[in-house]
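Trainee: Below is the structure I would like to discuss, written out as structure tokens.
Numbering (the working numbering), first residue to last: 1440 to 2255.
Set out below in structure tokens:
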């Protein structure tokens, strides 16, 4: 009888006792419950007054208002939970009493005991995680002002929540008293916030467990029945079935009672979770929040997501298990029963049970909809929509007066890095004859470095052939060099076209000024994404190069001249390992390695930046198309009335400008496709091979730690490279297609049906029809590159990895 030793139930009942809404065994305990409930109401009243007074005085300060609104949301949902549960107090106590007597007990059947143990295990995981995150959040409210008050005098000290009173609250002992009162209120709000959710999760999972126990009994109606007569077995099954039916009826009534008590709380919880995920995520990712508060917000965000999962998973489990009763009935022994009177009665009763089980037992949100795992997806989707709206509001408030001074392009880190590397490779635009000669010299050096690296790796592979592990390592390096040579050769073939593409991008994308605030926001977003991808990819690429250097330096520590090694084995005689020949070869290999690393990333950085900026231009075009019918130039605003026939002429002229921009972007994408499709085809073919080889080298038993570090950097670099490459191509597809939606969303229906109004509508139809065919980059015309390509390449890499591992195991067995 250790069924009562359940951590989740013990902890939840303890929290409910603190709140004051739990069963009392005697009159003294009831008085303690009443006192706890009075303390709960008092704590909530104090903190609600503080919260709403704080939002009143901070209204207008966007960041502070978001923070305080998030806190007030927690208060509102806690007040709702306490109020609703207190209104249904007697029904709730009856429900808890029934649950304790019928669910939280031991069972003689081992299978049923296993089902109950599984319920307890899941309940314990959820309750512990939620409680940890909630207590961590409350601790964050306490630690943040403590850290902020370090080194301050009494008059500058701050409380967890501002009281906005003209009193010396920072002086001792008033500060310490108010600080303690606020923290006690915060912890009590935290207790009230999690205790009801913990209880609902436990009850849902245990009811679902009872349905599973019922399924087990229905499947085994004739187990342990002794006797040879079929009629005797039928009578026993009938008796067992009656008890199962009564149990099923009891469970359905229990679920209905549970629904009546918690339906309003569930509705408030669903509405609350979407808002709080949005607000906490906004503070965590977009606001300049102190580090101590960020820890609290991280726990808060994680706890809210876990709470949503716990809440929807337990409700979904209840739905699934109540439906599965019908499947369990069909899996029972009804086919073995005789077709006598009792057998027919059993079959008819089973049909009724199956029919009833088709109507699920569930919890609804205020009777509007049943809560299941799909609800969690809907809540997250709603939270993202709120997040987007909040982000736009914050951007507008940050810069309401956006003038020409903010249109200066300034330094874009991604373009600066990309330009620097392309100059090193020798593929940047030359402005005069001196730069042209310098560029040609750089290209010559690039090819020398690549051919030297390829010759080194090919010679190394020739002498290492037969050693499986060394051969795989050298092949991985050789494939990387081949991919670099392939990119450089194709780029050299299309050098003039590539220079024209770069020049057009510099003039029309990167250095163009935008007068509208919304359009500048789009460009800034493109720059932010480009910088993120370029910096991550560059870091791991350069990390791979430096790891090769560090490995060889580390291996040479404490060795004499004849035992020293180069970064890559040239298989030379011992005289080449003497000073100064060793140092000369070492430096040449390092310079070649670095140049290969630069050539490896330059084209991918360029493609990522250019794709994201083209997608940004399509988004700007979407904004212009969507506003083409509700914008007027300044001249028209002074000369034309709203019903003037010249209004259509003005808007039609603007539409023609936008259509020419659309045509220009389409033609630009076609030229970019001509230049890049061969390189993209080669990359798609070799990416899966590189990922496979890197993964295998990392997992090999005899690989050294430094080699593992090298190929870990290389693997992450390949994954980042593949992601930024496919993501940028996918953005190009989506944003070029979305032109049609933006065009349709314009106010074309308000345009007059005069000559130019009709022409405008016909041109809009053509734009929509053209936008159905997206702009994209292909792998030599075989298929367009999108995020689906990312999944396909990873799947192919896994297949290669499986073949390579089987080959390695076969080689080991043959050697043995």
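Virtual Cβ for every residue (Gly too), placed ideally from N, Cα, C.
Source: prediction; values computed, not measured.
Let me make sure I understand the geometry here. Which of 2118, 2173 and 2031 has the alpha-carbon closest to that of residue 2221?
Mentor: 2118
Trainee: Of the choices 2153, 1797, 2164 and 1606, whose alpha-carbon is the least far from that of residue 2123?
Mentor: 2164
Trainee: Helix, strand or coil for residue 1663, going by three-state DSSP, please let me know.
Mentor: For residue 1663, the predicted structure reports a pLDDT of 48, less than 50, and the residue's modelled location is therefore unreliable. The matter cannot be settled from this model.
Trainee: Report the residue from 2248, 1684, 1709 and 1629 whose alpha carbon sits nearest the alpha carbon of residue 1735.
Mentor: 1629
Trainee: Spatial neighbours of residue 2134 within its chain, please: CB distance less than 7 Å, with the 5 preceding and 5 following residues excluded, ordered by chain position.
Mentor: Excluding residues within five positions, the ones whose Cβ falls inside 7 Å are 2154 and 2240.
Trainee: Which residue comes first and which comes last in the alpha helix (DSSP H) that contains residue 2054?
Mentor: Residues 2020 to 2065.
Trainee: Which runs of the alpha helix (DSSP H) spanning at least 4 residues fall entirely within the stretch 1869 to 1948, listed in chain order?
Mentor: Given a length threshold of 4 residues, each whole run of the alpha helix (DSSP H) inside the stretch 1869 to 1948 is given here in chain order: 1872 to 1903, 1907 to 1932 and 1934 to 1944.
Trainee: On the DSSP letters alone, give me the boundaries of the alpha helix (DSSP H) that residue 1481 sits inside.
Mentor: 1466 to 1497
Trainee: Entirely within the stretch 1975 to 2011 and at least 4 residues each: give me those alpha helix (DSSP H) ranges in chain order.
Mentor: Contiguous alpha helix (DSSP H) elements confined to the stretch 1975 to 2011 do not occur, taking only those with 4 or more residues.
Trainee: For the stretch 1595 to 1614 against the stretch 1764 to 1779, do three or more pairs of beta-carbon atoms, one drawn from each stretch, fall closer than 8 Å, so that the two count as touching?
Mentor: no
Trainee: How many angstroms separate the CA atom of residue 1896 from the CA atom of residue 2110?
Mentor: Straight-line spacing of the CA atoms in residue 1896 and residue 2110 works out to 35 Å.
Trainee: Looking at the strands, I want to know which residues DSSP matches up with residue 2217.
Mentor: 2223
Trainee: Should the stretch 1737 to 1750 be called in touch with the stretch 1573 to 1580, which here means at least 3 C-beta pairs below 8 Å?
Mentor: yes
Trainee: Hey, how far is the Cα of residue 1759 from the Cα of residue 2227?
Mentor: 32 Å
Trainee: DSSP three-state label for residue 1809, please.
Mentor: strand
Trainee: Return the first residue and the last residue of the alpha helix (DSSP H) that residue 1540 is part of.
Mentor: 1528 to 1541
Trainee: Beta-carbon separation of residue 2236 and residue 1907 under 8 Å?
Mentor: no
Trainee: So for residue 1855, helix, strand or coil by DSSP?
Mentor: DSSP places residue 1855 in helix when its eight states are reduced to three.
Trainee: What's the gap between the Cα of residue 1978 and the Cα of residue 2156?
Mentor: 8 Å
Trainee: So is the beta-carbon of residue 1815 under 7 Å away from any non-hydrogen atom of the ligand ZN?
Mentor: Ligands in the displayed structure: none, and consequently the ligand ZN is not present.
Trainee: Exposed or buried, what is residue 1861 when buried is set at 16 or more other beta-carbons lying within 10 Å of its beta-carbon?
Mentor: buried
Trainee: Distance check for residue 1974 and residue 1456, CA to CA, integer angstroms please.
Mentor: So the two alpha carbons sit approximately 53 Å from each other.
Trainee: Do residue 1802 and residue 1705 have their C-beta atoms within less than 8 Å of each other?
Mentor: For the 8 Å CB-CB criterion, residue 1802 and residue 1705 form a contact.
Trainee: Work out the CA separation of residue 1528 and residue 1458 for me, nearest whole Å.
Mentor: Computed Cα separation, rounded: 13 Å.
Trainee: Pair every Cβ in the stretch 1621 to 1628 with every Cβ in the stretch 1481 to 1498, then say whether three or more of these pairs are closer than 8 Å.
Mentor: yes
Trainee: Would you check if the distance between the CB atom of residue 1610 and the CB atom of residue 1593 is smaller than 8 Å?
Mentor: yes
Trainee: Please go through the stretch 2117 to 2187 and give each complete alpha helix (DSSP H) segment of 4 or more residues, from N-terminal end onward.
Mentor: 2144 to 2176 and 2178 to 2183
Trainee: Please classify residue 1399 as buried or exposed, where buried requires at least 16 neighbouring CB atoms within 10 angstroms.
Mentor: Missing from the structure shown is residue 1399; the chain here goes from 1440 to 2255 and no further.
Trainee: Write down the C-beta distance between residue 2042 and residue 1899 rounded to the nearest angstrom, noting that I regard them as a contact closer than 8 Å.
Mentor: Not really, about 26 Å apart at Cβ, beyond 8 Å.
Trainee: By how many angstroms is the C-alpha of residue 1859 removed from the C-alpha of residue 1916?
Mentor: Cα to Cα, residue 1916 sits roughly 25 Å from residue 1859.
Trainee: Can you find the residues in the same chain that come closer than 7 Å, C-beta to C-beta, to residue 1448, ignoring five residues on each side of it along the sequence?
Mentor: 1543 and 1641
Trainee: Can you give me the C-alpha to C-alpha distance between residue 1549 and residue 1535, rounded to a whole angstrom?
Mentor: 25 Å
Trainee: Can you have a look at residue 2160 and say buried or exposed, based on whether 16 or more other CB atoms are within 10 angstroms of its CB?
Mentor: buried
Trainee: Going along the chain, which residues of its own chain have a beta-carbon closer than 7 Å to the beta-carbon of residue 1752, five neighbours each way excluded?
Mentor: 1812
Trainee: Starting from the C-beta of residue 1558, find all residues in its chain whose C-beta is less than 7 Å away, skip the five residues before and the five after it, and write them out in chain order.
Mentor: 1644, 1645 and 1648
Trainee: Taking its Cβ as the centre, do 16 or more other Cβ atoms sit within 10 Å of residue 1839, making it buried, or is it exposed?
Mentor: Here residue 1839 scores only 42 on pLDDT, less than 50, and its place in the model should not be relied on; the value that follows carries that caveat. So residue 1839 counts as exposed.
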